[in-house]
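Take a look at the structure set out below.
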Amino acid sequence: MMEFRLHPVALIRAILRPIDPPLFLLLTVLLAAALVVMQSASPARMEAQLVNTGVALALMWVTARIPSARLLSLAMPLYVLGVVLLVGVALFGEISKGAQRWLDLGVVRIQPSELMKIAMPLMLAWFFQQREGAIGFGEFVLAGVLLAVPVALIVTQPDLGTSLLVAAAGLYVIFFAGLSWKLIVPLVLVAVVGLGSIVAFGDTLCQPGVDWQVLREYQKHRVCTLLDPTSDPLGKGFHIIQSTIAIGSGGMFGKGWMQGTQTHLSFIPERHTDFIFAVMAEEFGLIGALVLLAVLFMLLLRGLMIAAVAPTLGTRLLAGAITMIFFTYAFVNMGMVSGILPVVGVPLPFISYGGTALVTLCVGVGILMSIQRERALSQS
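Residue numbers (our numbering): 18 to 397.
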């Protein structure tokens with residue numbers, strides 16, 4: 018009877034084959050930093066975060082082994098599944114903290130909107146690849162409809178943070194597919210005028226009883242609190258005031274690991290999730306924040322390099338969109354923690370506590386590795 022044994026070196030090579038070394042090194046640095054900060058922000062959650070990290074890395078490795086063509090072929094089923102589940106949430110979803118975001122399937126309780134963070138860019142990348150060489154205005158309109166359906170369902174839950182991320186993921190694909198600047202510039206001008214009007218007439222618009230129509234009352238309060246946090250220092254403005262105090266008090270070099278007073282006196286709200294950047298800035302200062310930004314920048318740069326040399330249109334669009342999703346996570350989180358953007362519940366990528374977001378982000382890294390692996394195989 019023949020006995021098959023895999024040599025340890027061959028086993029290690031088989032495990033490492035789908036891994037892109039630069040991406041994995043940068044990801045490891047971020048995950049290690051996350052555990053260091055988590056030990057200070059919320060030691061009780063360290064064990065759970067270690068489990069989340071292990072699961073996320075395992076799913077990243079599995080995703081990296083799937084050929085990119087196979088990933089794109091899953092786009093339609095995943096998109097349809099995601100939309101059906103979002104409709105299920107609207108009809109039968111569980112309500113928690115005033116939001117209807119969860120769906121109880123009996124065996125497991127899921128948040129379908131998280132699936133759309135991956136399914137949306139996959140779907141649009143596949144869509145444009147099917148129409149390569151014949152992409153016109155009609156294709157962009159149809160892509161916009163495909164994007165609008167899940168985003169609208171997520172907004173009504175309501176979940177502004179997730180809807181923003183899903184919308185951004187789709188818009189990045191549409192932009193990289195060649196959307197004309199003639200269509201982009203008017204949208205940007207409308208956004209600039211709208212934001213300028215809110216800033217200029219904030220005192221009037223933020224008065225009680227003024228209905229903003231497009232935003233719910235709590236979302237209006239978030240924007241108004243951003244304009245003037247001191248208007249409700251113990252309520253809506255508490256998050257922004259305390260996080261900016263923590264960031265500013267860290268100075269150049271920080272107060273030291275586990276020495277942050279705002280953190281350990283529990284002044285920073287949600288310090289293990291949305292506001293973990295304030296914990297890092299308080300304890301490691303400007304230098305620590307800049308190091309984090311440098312690592313994130315190198316991760317983005319590596320992702321864009323993979324996108325630039327991806328073998329097909331679909332993989333180029335997918336890699337570019339996923340990389341820019343990482344940027345959106347970081348920009349929105351740091352913006353809201355530092356008082357530049359409204360608080361919308363977006364975690365700091367790879368750093369904040371939470372299994373769902375970490376798994377989604379690491380699957381995104383796995384997709385980038387899969388695309389890079391396919392390119393390397395095509396050249397060998």
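For every residue, glycine included, the Cβ atom is placed at its ideal position computed from N, Cα and C.
Mind checking whether Thr179 and Ser130 have CB atoms under 9 Å apart? On the sequence shown, residue 179 is found 162 positions in, with the first residue counted as 1. On the sequence shown, residue 130 is found 113 positions in, with the first residue counted as 1. Yes, the pair counts as a contact, with Cβ atoms nearer than the cut-off.
Name, in chain order, the residues that DSSP records as bridge partners for Asp121. Mapped onto the sequence shown, residue 121 falls at position 104. The partner list for Asp121 (beta bridge, DSSP) reads Arg126.
Enumerate, from N- to C-terminal direction, the unbroken beta strand (DSSP E) stretches of 3 or more residues contained entirely within the region 270 to 297. none
With Gln146 and Gly371 assumed to form a contact (beta carbons below 8 Å), what rounded beta-carbon distance in angstroms separates them? Walking along the sequence shown from the start, residue 146 turns up at place 129. Walking along the sequence shown from the start, residue 371 turns up at place 354. Contact doesn't hold; Cβ gap of about 32 Å is too wide.
Helix, strand or coil: which one does DSSP assign to Glu64? The count along the sequence shown starts at 1 and reaches residue 64 at position 47. The answer is helix: DSSP assigns Glu64 an H, G or I state.
Through-space distance from Thr70 to Ala58, alpha-carbon basis: Here residue 58 is taken as the residue at index 41 of the sequence shown, counted from 1. Here residue 70 is taken as the residue at index 53 of the sequence shown, counted from 1. About 17 Å.
Look at the alpha carbon of Leu398 and the alpha carbon of Val209, and state the distance between them as a whole number of angstroms. As shown, the chain starts at 18 and ends at 397. That puts residue 398 outside it, with no answer to give.
Alpha carbon of Met18 to alpha carbon of Val380, nearest angstrom: The residue labelled residue 18 in the question sits at position 1 within the sequence shown. The residue labelled residue 380 in the question sits at position 363 within the sequence shown. Residue placement at Met18 is flagged as unreliable, the pLDDT there being 43, under the threshold of 50; the coordinate-derived value follows with that caveat. Answer to the nearest angstrom: the Cα atoms are 41 Å apart.
Roughly how many angstroms separate the alpha carbons of Ile191 and Leu141, rounded to a whole number? One-based indexing of the sequence shown puts residue 191 at position 174. One-based indexing of the sequence shown puts residue 141 at position 124. Ile191 and Leu141: Cα-Cα distance of roughly 7 Å.
State the Cα-Cα distance for the pair Val172 and Ala116, rounded to the nearest angstrom. Numbered from its first residue, the sequence shown carries residue 172 at position 155. Numbered from its first residue, the sequence shown carries residue 116 at position 99. Approximately 10 Å between the Cα atoms of the pair.
Between Glu20 and the rest of its own chain, which residues show a CB-CB distance below 6 Å, the 5 nearest in sequence each way excluded? Indexing the sequence shown from 1 puts residue 20 at position 3. Any reading at Glu20 needs caution, since the residue's pLDDT is 48, under 50, leaving its predicted position unreliable; the model's value is listed next. Closer than 6 Å at Cβ, skipping near neighbours: no residue.
At what residues does the alpha helix (DSSP H) containing Thr340 begin and finish? Looking up residue 340 in the sequence shown gives position 323. From DSSP, the alpha helix (DSSP H) with Thr340 extends over Leu330 to Val354.
Three or more beta-carbon pairs under 8 Å between the region 186 to 202 and the region 357 to 371, yes or no? no
In angstroms with no decimal places, state the Cα-to-Cα distance between Thr278 and Gln56. In the sequence shown, residue 278 corresponds to position 261, counting from 1. In the sequence shown, residue 56 corresponds to position 39, counting from 1. Cα-Cα distance, rounded: 15 Å.
Identify whether Ile112 lies in helix, strand or coil by the three-state DSSP scheme. Residue numbering aside, residue 112 sits at position 95 when the sequence shown is read from its first letter. Of the three classes helix, strand and coil, the one that applies to Ile112 here is strand, per DSSP.
Assuming Thr373 contacts Leu182 under a Cβ cut-off of 8 Å, what Cβ separation, rounded to an integer in Å, is found between them? Taking the first residue of the sequence shown as 1, we reach residue 373 at position 356. Taking the first residue of the sequence shown as 1, we reach residue 182 at position 165. Between Leu182 and Thr373 the Cβ distance is about 12 Å, and since that is not below 8 Å, they are no contact.
Can you tell me which of Ala107, Val68 and Pro203 puts its alpha carbon nearest to the alpha carbon of Leu170? Here residue 170 is taken as the residue at index 153 of the sequence shown, counted from 1. When each option's Cα is compared against that of Leu170, the closest is Ala107.
Own chain residues within Cβ distance below 7 Å of Ile384, not counting five before or after: Indexing the sequence shown from 1 puts residue 384 at position 367. These residues qualify, in order along the chain: Thr80, Leu88, Leu335 and Ile339.
Val72 beta carbon less than 9 Å from that of Val376: Locating residue 376 in the sequence shown gives position 359, counting from the first residue. Locating residue 72 in the sequence shown gives position 55, counting from the first residue. It is a contact, given that the beta carbons lie within the stated cut-off.
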